[in-house]
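Numbering (this note's numbering), first residue to last: 125 to 616.
Each residue gets a CB set at the ideal place from its N, CA and C atoms; glycine is no exception.
Here you go:
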């Protein structure tokens, strides 16, 4: 719906009082993409340090390092899957809020933010309770052995007590970024990462808490990020701030539907890791199972350095696409997508070269065990073979999501997961345990081709749909101007 007269006038008044880092509707597109994507990419890169730093310290605990690393590796995807609920709400609500801001409908934008804040709190409490009750059977199901289970339980249990902080920090940060404050979003993530890096050695070694210390350090770090984000969104700077009231089942349903695709991408990515650990444990047997899971944990850490920053690029720039879709500017949408794709291609090309030729030093950081390190190098080289086409998958699917087009983003996301699971369960049965790593390669090469075909066929429809928003905005402005003109005529 176009914004009513009072909302249009209010937008103009409030815009004068708010200093934006980035004007999503007016700034040059190239500058806008770089200003939003680079801080978000760096923020996600720093965010990866949460898990990587934990794993580095855990892997170097004397005597138990490899077993503790395997235990933490089993926890990693489960913990991330819980955290992906933040993206269900944050990435589900922020594009809708961007579209409403592009239309000039600030009242509806505030309602969306209020509903998302409530939803995150409710889901966090429910998730924490459910995960605590099922933690032991869940970890055994997802690849823990009897020898690694104690370490997995220690990390997982203590981490779960910070679920509320993790979901609010990550979910609400999307509403900071989508208003053009990408640097603030980066600062919130960096604050948590710096705290985590500083506290890990204190709790793990200084207080002799081992794996539990790593989890406690992470929870404290997430609390810091959470307080930073909430202080900003309750403060006077953003145009749309957290308010209470206006709760609506319709808004919540729309948020969940919009966020379903990115949530499933992240959740299923972690189900893929969980399944990989279980397959490696099964085909590796008692002799090699734990060693293969430890090597896979190192390889997964390397892949996080790729996928999380790239998701930062494509997820944050969805605010540009959503805003200009709402504002009826298809020209700016197409130009933005061009620069987003170019940035992702450059990023994946560099990381492909690193993965193929320079990954050995990375593996040595995690473990002094040369056998585990050699397996990890092999896994990284296999997993990065199809890395470059993945840039198209992330750019186009997150582009659809940013414009609220879940009818395409969700099936295309699920296609890649389906290809992965098919390869994961077939290849090791024929070629042995290490063939499981090729499931990543297969799923990175073929689904992006399908995504490109779908996008190209729907491109003209996207242009027409965006242009229709411009016509609605023009009609609303005419409705505002006509009474004013009539008043002037009567005065004359």
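| Item | Value |
| --- | --- |
| If distances are taken between C-alpha atoms only, which option among 209, 177, 186 and 172 comes closest to residue 380? | 209 |
| Just to confirm my understanding: we take residue 327, look at its own chain, exclude 5 residues before and 5 after, and list those with CB closer than 6 Å. What are they? | 333, 337, 340 and 341 |
| On the DSSP letters alone, give me the boundaries of the alpha helix (DSSP H) that residue 245 sits inside. | 230 to 257 |
| Taking C-beta to C-beta, are residue 536 and residue 578 nearer than 8 Å? | yes |
| Note down the Cα distance separating residue 626 from residue 206, rounded to an integer number of angstroms. | There is simply no residue 626 to check, as the chain begins at 125 and stops at 616 in what is shown. |
| Residue 398 and residue 510 - do their beta-carbons sit closer together than 8 Å? | no |
| Answer with buried or exposed for residue 249, where buried requires no fewer than 16 other C-beta atoms within 10 angstroms of its C-beta. | exposed |
| Suppose contacts are defined by Cβ-Cβ distances below 8 Å. Is residue 445 in contact with residue 435 by that definition? | no |
| Pairing CB atoms from the region 447 to 461 with CB atoms from the region 475 to 492, are three or more of them under 8 Å? | no |
| Quick one: using the 10 Å Cβ neighbour count with 16 as the cut-off for buried, is residue 563 buried or exposed? | buried |
| Taking 8 Å as the threshold (C-beta atoms), are residue 516 and residue 575 in contact? | yes |
| Ends of the alpha helix (DSSP H) at residue 564? | 562 to 569 |
| Given that a residue counts as buried once 16 or more other Cβ atoms are within 10 Å of its Cβ, and exposed if not, what is residue 500? | buried |
| By DSSP, does residue 127 sit in helix, in strand, or in coil? | With a pLDDT of only 45 at residue 127, under 50, the local geometry of the prediction cannot be trusted, and no value is derived from it. |
| I'd like the list of long-range same chain contacts for residue 423, defined as Cβ closer than 8 Å, with 5 residues on each side in sequence excluded. | 500, 503, 504, 507 and 561 |
| Is the separation between the beta-carbon of residue 443 and that of residue 369 shorter than 8 Å? | no |
| Short of 6 Å in beta carbon distance, which residues of its chain neighbour residue 226, apart from the five on each side in sequence? Order them along the chain. | 447, 450 and 451 |
| For my contact list, residue 211 and residue 296 are in at a C-beta cut-off of 8 Å; report their separation, rounded to the angstrom. | So it is not a contact: roughly 12 Å between Cβ atoms. |
| Excluding sequence positions up to five away, which residues of its chain have a Cβ less than 7 Å from the Cβ of residue 166? | 310 |
| Should the region 486 to 495 be regarded as contacting the region 400 to 410, the criterion being three or more beta carbon pairs within less than 8 Å? | no |
| Over the uninterrupted alpha helix (DSSP H) stretch that includes residue 206, give me the two end residues. | 189 to 227 |
| Residue 128 to residue 234, Cα distance in whole Å? | With a pLDDT of 43 at residue 128, under the threshold of 50, the predicted position of this residue should be treated as unreliable, and no value is reported. |
| Start and end of the alpha helix (DSSP H) containing residue 512? | First-last for residue 512: undefined, no H or E at that position. |
| Helix, strand or coil: how does DSSP classify residue 553 here? | helix |
| Measure the CB-CB distance between residue 198 and residue 255 and report whether it falls below 8 Å. | no |
| Excluding sequence positions up to five away, which residues of its chain have a Cβ less than 8 Å from the Cβ of residue 274? | 195 |
| Would you report the Cα separation of residue 318 and residue 300, rounded to the nearest angstrom? | 20 Å |
| Work out the CA separation of residue 258 and residue 366 for me, nearest whole Å. | 33 Å |
| Specify the secondary structure class of residue 592 as computed by DSSP and reduced to three states. | helix |
| Can you name, in chain order, every residue of its own chain whose Cβ lies under 6 Å from the Cβ of residue 394, other than the five neighbours on each side? | 201, 204 and 205 |
| Are the Cβ atoms of residue 350 and residue 289 separated by less than 8 Å? | yes |
| If we ignore side chains and look at the alpha-carbon of each, how far apart do residue 148 and residue 164 end up? | 15 Å |
| First and last residue of the alpha helix (DSSP H) that includes residue 332? | It is not in any alpha helix (DSSP H) - residue 332 carries neither H nor E in the DSSP assignment. |
| Taking residue 324 and residue 181 to be in contact with their CB atoms under 8 Å, please state how far apart those CB atoms are, rounded to whole angstroms. | 5 Å |
| Please state whether DSSP places residue 617 in a helix, a strand or coil. | Residue 617 is absent from the structure shown; the chain starts at 125 and stops at 616. |
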